[in-house]
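So the structure is just underneath, and the comments pick up after that.
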Amino acid sequence: MKTLEYKDDGTGLAALLPPRKNNVVIAVMGPTGVGKSSFIKTLTGAKDIVIGHGLTSGECSSLTGLGTQPANDIATSKVQCYNLAHEGTNFVLVDTPGFDDSRGLDNDVVQEILSWLKSSMGEGLLLSGLIYLHRIIDPRISGTARSNMRLFRELCGSDNLHQVVLATTFWAAVDDELGQRREAQLLEDPKFWKPMAEKGSKAFRLKQDRGECLQILSHIAQKNDKFLVQAQQEMRRGQEAHETSAGRAMNLGLERIKQEYEAQVADERRKQQAVLDEADRRRRAEHREERRRLEHQRRREMERLEREAREKDKARRESEARQDLLQKMRREAEEQEMRQRLEAAAQILRQRQEEAARLRQLSSYVCQNFDTKRTVAIAIMTGDIIASGVEIGVRGATFIPL
Numbered sequence: 001m002k003t004l005e006y007k008d009d010g011t012g013l014a015a016l017l018p019p020r021k022n023n024v025v026i027a028v029m030g031p032t033g034v035g036k037s038s039f040i041k042t043l044t045g046a047k048d049i050v051i052g053h054g055l056t057s058g059e060c061s062s063l064t065g066l067g068t069q070p071a072n073d074i075a076t077s078k079v080q081c082y083n084l085a086h087e088g089t090n091f092v093l094v095d096t097p098g099f100d101d102s103r104g105l106d107n108d109v110v111q112e113i114l115s116w117l118k119s120s121m122g123e124g125l126l127l128s129g130l131i132y133l134h135r136i137i138d139p140r141i142s143g144t145a146r147s148n149m150r151l152f153r154e155l156c157g158s159d160n161l162h163q164v165v166l167a168t169t170f171w172a173a174v175d176d177e178l179g180q181r182r183e184a185q186l187l188e189d190p191k192f193w194k195p196m197a198e199k200g201s202k203a204f205r206l207k208q209d210r211g212e213c214l215q216i217l218s219h220i221a222q223k224n225d226k227f228l229v230q231a232q233q234e235m236r237r238g239q240e241a242h243e244t245s246a247g248r249a250m251n252l253g254l255e256r257i258k259q260e261y262e263a264q265v266a267d268e269r270r271k272q273q274a275v276l277d278e279a280d281r282r283r284r285a286e287h288r289e290e291r292r293r294l295e296h297q298r299r300r301e302m303e304r305l306e307r308e309a310r311e312k313d314k315a316r317r318e319s320e321a322r323q324d325l326l327q328k329m330r331r332e333a334e335e336q337e338m339r340q341r342l343e344a345a346a347q348i349l350r351q352r353q354e355e356a357a358r359l360r361q362l363s364s365y366v367c368q369n370f371d372t373k374r375t376v377a378i379a380i381m382t383g384d385i386i387a388s389g390v391e392i393g394v395r396g397a398t399f400i401p402l
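Residue numbers (UniProt numbering): 1 to 402.
Take a look at the structure:
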């Protein structure tokens, strides 16, 4: 028998199989981190199986049980086979890489599995069963889990679903009642396990007991129906791996992933553009607000300057008015004083003119009524003329009233 490509340190499938036709070949499949390698190591005790705890293949550490913490069996990046003899039956357990291994595209994983299926078919080795593992600790059925299940159904087809086991792992990490509800959801979901369960697939729970793992093997061995999965049947008819239903589903999945990625990128760009637009809107609003503030400040400053100018002009006009009034008052006072002086001068002039007229009248009277022997004394006091005549050398005196 020819040695196959898929080996682990030189022990390939052909080297593991005894030359018997009653070998029970079981493929263990499921997403990365579901516990595939842990399941096989629990059964075989093989020391060369290393269980990963990281998020990508190759990050490995020691074994962790099926029912405790979720030990990511991501050390498996190639199809690897392990032999187990139990109750007279030789089991060959096929450990497959996870469908959603983060180290490579699902397309690479599917191509790896399809290539192994084609090679094993060429060696005349037929599967007796398929085990699909799902973590019961997952709170919901994610879109990735649905895609993986759809890919698994396309891989195995619908004719041999009675040889498929649907097993849940990590029961010790959840409450039993919660786990039972989640298991019921898996079995009742028309896009997950329900179509397979209706066609004979049986559900099992894997905790920490090796006996539970052996029950699954015994369940498959009881039927021991050899079969080709749908992908093998399609490749036997001459289709290439990428032309099979699983290959097309993978391509569709990749296209969908691409579309989802492009949609996410477009959505992220829209969000970023929205953030930029919002920032630009806020910036423009801030600029408008700043312009309004500066314009308001400018108007207030202009109003203040205009108000100060008006107040200064008003003060100037009031000062000029006061100066004009003072000058007018001074002129009026000067004019009044001048008039008073003129009136006083005129009054004095009139008085002097009157005095002169009286003197002339007195002089004329004296000349007419007195002789030369008389002397007239005229006294002028405070505007009144008092004339007194004293006869000199004449007996008696005569006063002449004016």
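Backbone N, C-alpha and C define an ideal beta-carbon position, used for all residues, glycine too.
A quick note: this is a predicted structure, and the numbers were derived from the prediction, not measured.
Check	Outcome
8 Å CB neighbourhood of Lys194 in its chain, flanking five on each side removed	Leu187 and Glu188
Asn369, buried or exposed, once every other Cβ within 10 Å from all chains shown has been counted against 16	exposed
CA-to-CA distance, Ala356 to Arg339, given in whole angstroms	25 Å
Three-state class that DSSP yields for Thr96 in the structure shown	coil
Extent of the continuous alpha helix (DSSP H) to which Lys191 belongs	That residue, Lys191, is in no alpha helix (DSSP H); it is neither H nor E in DSSP.
Residue burial classification, Gly238 (beta-carbon count within 10 angstroms, cutoff 16)	exposed
Burial state of Ala221 (16 or more Cβ within 10 Å)	buried
Which of helix, strand or coil DSSP assigns to Ile136	coil
Buried versus exposed, by CB contacts within 10 Å (16 or more), Ile386	Any reading at Ile386 needs caution, since the residue's pLDDT is 45, under 50, leaving its predicted position unreliable; the model's value is listed next. Answer is exposed; the Cβ neighbour count stays below 16.
C-beta contact flag for Phe99 and Ile141 at 8 Å	no
Inter-residue spacing [alpha-carbon to alpha-carbon] between His162 and Arg256	30 Å
Extent of the continuous beta strand (DSSP E) to which Ile40 belongs	Careful: Ile40 lies outside any beta strand (DSSP E), inside the alpha helix (DSSP H) at Lys36 to Thr44.
Contacts around Val174, its chain only, beta-carbon distance under 7 Å, and the 5 residues preceding and following it disregarded	Ile136 and Ile137
Backbone CA spacing between Gln353 and Asp324 [nearest angstrom]	42 Å
Nearest-angstrom Cα separation, counted from Met250 out to Asn107	6 Å
Burial state of Asn224 (16 or more Cβ within 10 Å)	exposed
Straight-line gap, Asp73 to Asp280 (C-alpha atoms, nearest Å)	Residue placement at Asp73 is poorly supported in this model, since its pLDDT is 44, which falls under 50; the coordinates still yield a value, given next. Asp73 and Asp280: Cα-Cα distance of roughly 49 Å.
Cβ-Cβ separation, Gln80 to Ala241 (assumed contact under 8 Å), whole Å	That pair is no contact at about 19 Å.
Sequence-distant residues of the same chain with beta carbon closer than 7 Å to Leu114, five excluded per side	Ala231, Ala241, Thr244, Ala246 and Gly247
Enclosing beta strand (DSSP E) for Gln80 [first to last residue]	Gln80 to His86
Bridge-paired residues (DSSP) for Arg281	According to DSSP, which records beta bridges pairwise, Arg281 is partnered with nothing at all.
His134 burial status per 10 Å Cβ neighbour count (16 or more: buried)	buried
Other residues of its chain near Lys36: CB distance less than 8 Å, five sequence neighbours each side excluded	Val28, Met29, Gly30, Asp73, Thr76, Asp95, Thr96, Gly98 and Leu133
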